[in-house]
Amino acid sequence: MNPSTTKPMSYVAVAVAVFLAVLLPWFAPNQFYIHLATVGCINLMLVLGLAIIARAGQLSMGHGGFALVGGYVSALLSMKGWPPLLTLFIAGLTAAVIAAALGWIILRLRGVYFVLVAFAFSQIVVLLALDMSSITGGANGLVGVPPISIFGCVLRAKPQFYPFALACALTTLLLTWLLYRSPLGTMMAATAENQRLTESSGIDTHRVQVIAFTIGSGIAGFAGALSTHYLRFISPDSYTFWESVSYLTMLVVGGRDGVLGPVVGVLVLTPLPELLRSTEGLQHIIYGTMLVLCLMFVPNGLASLVQTWRSRQRVARTSAAVVAEEVT
Amino acid sequence: MSMDIILAQTVVNGLMVGMIYVLMAIGFTMVFGIMRIVNFAHGEFYMVGAFLFAILYGSNGMPFAVSVLLAIGATALLGLLMERIVFRRFRGNELNGMIASVGVALILQNSALLLWGSSARTVPPVLSGVLSVGGIVFPWSRLVVIIGAIVAVVLLNLLIGHTRIGRAMRAVAQDAEIAQVQGIRVDVIFPAAFVLGVSLAAFAGVLMAPVLSVSPFIGLAPTLKAFVIVVIGGLGSVPGAVVGGLLIGLIESFAGTFVSASLSEILQFLVVIGVVLLRPQGLLGRKEREA
Numbered sequence: 010m011n012p013s014t015t016k017p018m019s020y021v022a023v024a025v026a027v028f029l030a031v032l033l034p035w036f037a038p039n040q041f042y043i044h045l046a047t048v049g050c051i052n053l054m055l056v057l058g059l060a061i062i063a064r065a066g067q068l069s070m071g072h073g074g075f076a077l078v079g080g081y082v083s084a085l086l087s088m089k090g091w092p093p094l095l096t097l098f099i100a101g102l103t104a105a106v107i108a109a110a111l112g113w114i115i116l117r118l119r120g121v122y123f124v125l126v127a128f129a130f131s132q133i134v135v136l137l138a139l140d141m142s143s144i145t146g147g148a149n150g151l152v153g154v155p156p157i158s159i160f161g162c163v164l165r166a167k168p169q170f171y172p173f174a175l176a177c178a179l180t181t182l183l184l185t186w187l188l189y190r191s192p193l194g195t196m197m198a199a200t201a202e203n204q205r206l207t208e209s210s211g212i213d214t215h216r217v218q219v220i221a222f223t224i225g226s227g228i229a230g231f232a233g234a235l236s237t238h239y240l241r242f243i244s245p246d247s248y249t250f251w252e253s254v255s256y257l258t259m260l261v262v263g264g265r266d267g268v269l270g271p272v273v274g275v276l277v278l279t280p281l282p283e284l285l286r287s288t289e290g291l292q293h294i295i296y297g298t299m300l301v302l303c304l305m306f307v308p309n310g311l312a313s314l315v316q317t318w319r320s321r322q323r324v325a326r327t328s329a330a331v332v333a334e335e336v337t
Numbered sequence: 002m003s004m005d006i007i008l009a010q011t012v013v014n015g016l017m018v019g020m021i022y023v024l025m026a027i028g029f030t031m032v033f034g035i036m037r038i039v040n041f042a043h044g045e046f047y048m049v050g051a052f053l054f055a056i057l058y059g060s061n062g063m064p065f066a067v068s069v070l071l072a073i074g075a076t077a078l079l080g081l082l083m084e085r086i087v088f089r090r091f092r093g094n095e096l097n098g099m100i101a102s103v104g105v106a107l108i109l110q111n112s113a114l115l116l117w118g119s120s121a122r123t124v125p126p127v128l129s130g131v132l133s134v135g136g137i138v139f140p141w142s143r144l145v146v147i148i149g150a151i152v153a154v155v156l157l158n159l160l161i162g163h164t165r166i167g168r169a170m171r172a173v174a175q176d177a178e179i180a181q182v183q184g185i186r187v188d189v190i191f192p193a194a195f196v197l198g199v200s201l202a203a204f205a206g207v208l209m210a211p212v213l214s215v216s217p218f219i220g221l222a223p224t225l226k227a228f229v230i231v232v233i234g235g236l237g238s239v240p241g242a243v244v245g246g247l248l249i250g251l252i253e254s255f256a257g258t259f260v261s262a263s264l265s266e267i268l269q270f271l272v273v274i275g276v277v278l279l280r281p282q283g284l285l286g287r288k289e290r291e292a
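These protein sequence lines map, in sequence, to chains A and B.
Under our numbering, residue 337 is the last one in the first sequence; the count climbs by one each step, no gaps.
Under our numbering, residue 292 is the last one in the second sequence; the count climbs by one each step, no gaps.
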């Protein structure tokens, strides 16, 4: 959704999509669809976090690690009696602080090193969660995480949790869209486009990338916490390397530019694991194949197809208008 | 057990694991140095090599040498296929190449899961018994791994240092365009380097199969180790991979024996952060050339 191409038509489309998402609990045939939509909302937040980092020209293979940090922080604090609504934000903040420190050190290096170290970091988080079993419950994880309650209303069942997850996801979507339109967003895009040139324009690209990494990982921490309070459970297996990979797949398949890409990626790929639950291996093979095929044939993601189609239409319309003018 | 014996065993274990990491890291760093692709699927070729060896040698009882050659050959062929279909298109495009390799890793790991099942297989040791030197015993099963890996590294060094194709590879690693101008057939060097890297990973898998058990999920851990090692040793540097691999192997073995396994992982991560802070080009790496 490039700001320059935003037309009244797209506002209508966005409004209709939001309207349908809000109405989902009423026309969903059963609770399973609501569950799927909730998972989609959480995935969307994680993928948006990844998209923000990608916007600044970086790739985080440790995204799941930050979600895991967030999940554990929120679970542990809320099990001590803190209100979950507060611990969600503390979880996001903790992940953001860790990302800021880690990013400040490793983002001084060129791309590949960052990816390798971020990946190694997420593995360390999993190991720590396994190892500090007196606090984290080790491989068994933490069971019975308290549900979120807002104004005395406890979000225990699926239909109650879904509106909250949707609100969180839509807020994240809106904030990401605003971020992309802000001067900082422009600096991020410029850094991704040509780091050296951006640097020579007087922009501290290191800082821009650290900020993007901090925001993106903070969102991951928040989303990880949200998911933990939804499932009421977290374990080291909740966010492994392969979870990070599936968010990356959603981002690449959907598209890396703009906020439409993550939405498309999540819509296409969230239902897939549920449809293929019986054959888990097959699901991953399909993910992998889609990832590779997308990179080969639609490197800008499925969302870019919409944009190409739109601009083609515009060209067709203008040329039609020119023809009409010439005729008259 | 006296301290001497424990120390000797720890060193042998450290060297064994270290040499496997060296094999993994060399292949990984070569593919990056020459093709500029961070291959997240590197460990999956290790897994495939180990699996093929387990099936040929362990389950079907084929002769050792035949099993080794067939396992490595088949994995190399798979590598060539992947290079042709996937990696070739992403040469020089670091970001997309890396993402594509993750896709390949997913496909390979889960194909193995569908084909061979998730249960772990054990492979009988190639040599049993022990070698005792001055009262200290070394199990042959581990010495075989160390010796095999050393032989592979020495052969590789000869190949890179003293043959035509080795020289061509070094030239392409320095600057692919200039190398092409000099008449080096880059189109041949790229797949050759990739297949060589993959074969090293497969050989590491073959060596480790009798020591560890084999399952579709064993690829990720050595991939992570290869990453850690090349960051420590310097991305693209083969001597750096050797030093880094042995260092990580020994840290792992000593910390694992005397403290705890997860502490050793954290220690390795701290070493990485330290290297990144103090010597960003890696212990033996060259500074990234300004493009």
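Glycine residues also receive a C-beta, built at the ideal position from the N, C-alpha and C atoms.
None of these values were measured; they are calculated from a predicted model.
Cβ separation of residue i and residue j, assumed to be a contact under 8 Å, to the nearest whole Å
i: A/MET259; j: A/ALA221; result: Not confirmed; about 18 Å, so no contact.
i: A/ILE157; j: A/PRO93; result: 4 Å
i: A/ILE43; j: A/PRO168; result: 6 Å
Whole-angstrom distance between residue j and residue i, CA atom to CA atom
i: B/TRP141; j: B/ILE27; result: 25 Å
i: B/ILE108; j: A/ILE295; result: 8 Å
i: B/LEU128; j: B/ILE147; result: 13 Å
i: A/MET54; j: B/ALA193; result: 42 Å
i: B/LEU78; j: B/VAL196; result: 8 Å
i: A/LEU187; j: A/VAL134; result: 31 Å
i: A/LEU116; j: A/LEU59; result: 16 Å
i: A/PHE250; j: A/MET70; result: 8 Å
i: B/ALA205; j: B/ARG143; result: 13 Å
i: B/ASN303; j: B/THR258; result: Any answer about residue 303 of chain B is impossible in this case: the structure gives chain B only from 2 up to 292.
i: B/VAL23; j: A/VAL48; result: 41 Å
i: A/LEU302; j: B/LEU96; result: 15 Å
i: B/THR123; j: B/ALA51; result: 10 Å
i: A/HIS72; j: A/GLY80; result: 13 Å
i: B/ILE14; j: A/VAL27; result: It is Asn, not Ile, that sits at residue 14 of chain B in the sequence shown. Cα to Cα, B/ASN14 sits roughly 59 Å from A/VAL27.
i: A/SER143; j: A/PRO38; result: 43 Å
Interface residues of chain A facing residue i [CB-CB closer than 9 Å]
i: B/MET63; result: Simply none; closest approach about 27 Å.
i: B/SER120; result: None at all; the shortest Cβ gap to chain A is about 14 Å.
Nearest to residue i (by Cα), restricted to the options the options
i: B/LEU70; options: B/LEU82, B/PHE54, B/ALA177; result: B/PHE54
i: B/LEU271; options: A/VAL121, A/LEU111, A/SER253; result: A/LEU111
i: B/PRO217; options: B/LEU114, B/ILE185, B/SER133, B/VAL276; result: B/LEU114
i: A/ALA234; options: A/THR327, A/ALA174, A/VAL275; result: A/ALA174
i: A/ALA312; options: A/GLY150, A/VAL277, A/PRO282; result: A/VAL277
i: B/ALA75; options: B/PHE46, B/ASN94, B/VAL212; result: B/PHE46
i: A/VAL152; options: A/ALA84, A/ASP213, A/SER131, A/GLN218; result: A/ALA84
i: B/ILE86; options: B/ALA72, B/GLU95, B/ASN94, B/ALA101; result: B/ALA101
i: B/MET17; options: B/GLY135, B/TYR58, B/VAL145, B/VAL131; result: B/VAL145
i: A/PHE123; options: A/LEU284, A/GLN218, A/PHE36; result: A/GLN218
i: A/PRO308; options: B/THR30, B/ARG168, B/ARG90, B/PRO211; result: B/ARG90
i: B/ILE73; options: B/ALA153, B/LEU221, B/VAL12, B/LEU132; result: B/ALA153
Cross-chain neighbours of residue i in chain A, by beta carbon under 8 Å
i: B/MET99; result: LEU68, VAL121, VAL124
i: B/PRO281; result: ARG117, LEU118, TYR122
Extent of the continuous beta strand (DSSP E) run through residue i
i: B/LEU285; result: Neither: B/LEU285 is in no beta strand (DSSP E) and is coded neither H nor E.
i: B/SER254; result: Looking at the DSSP string, B/SER254 is not in any beta strand (DSSP E); the run it does join, the alpha helix (DSSP H), is 239-259.
i: B/PRO140; result: 137-140
i: A/VAL163; result: 162-164
i: A/ILE159; result: 157-159
i: B/VAL12; result: It is not in any beta strand (DSSP E) - B/VAL12 instead sits in the alpha helix (DSSP H) that spans 4-36.
i: B/VAL307; result: No statement about residue 307 of chain B is possible, as the shown extent of chain B runs from 2 to 292 and does not include it.
Chain-ordered chain B contacts of residue i [CB-CB under 7 Å]
i: A/MET305; result: ARG90
i: A/ALA216; result: In the sequence as displayed, the identity of residue 216 of chain A is Arg instead of Ala. What A/ARG216 touches in chain B: nothing, since even the nearest Cβ is about 18 Å away.
i: A/GLN132; result: LEU225
i: A/ASP246; result: Here the premise fails: no neighbours, minimum Cβ distance about 12 Å.
i: A/VAL254; result: VAL103, LEU107
Proximal residues of chain B, C-beta to C-beta of residue i below 8 Å
i: A/TYR296; result: GLY104, LEU107
i: A/PHE250; result: LEU221
i: A/LEU59; result: Ordered by position in chain B, no residue passes the 8 Å Cβ test against A/LEU59, which lies about 11 Å from the chain.
i: A/ASP266; result: Result: empty, since nearest Cβ-Cβ is about 14 Å, beyond 8 Å.
i: A/LEU257; result: ILE100, VAL103
Neighbouring residues, chain A, relative to residue i (Cβ below 7 Å)
i: B/PHE228; result: LEU125, PHE128, ALA129
Proximal chain B residues relative to residue i, where beta-carbon distance stays under 9 Å
i: A/LEU291; result: ASN111, LEU115
First and last residue of the uninterrupted alpha helix (DSSP H) at residue i
i: B/VAL196; result: 187-209
i: A/SER3; result: What is shown of chain A runs 10 to 337, which leaves residue 3 of chain A out entirely.
i: A/LEU235; result: 214-240
i: A/ALA167; result: Here residue 167 of chain A is Lys; the residue named in the question, Ala, does not match the sequence. It spans 167-190 - the alpha helix (DSSP H) in which A/LYS167 sits, taken as one unbroken run.
i: B/GLN175; result: 165-175
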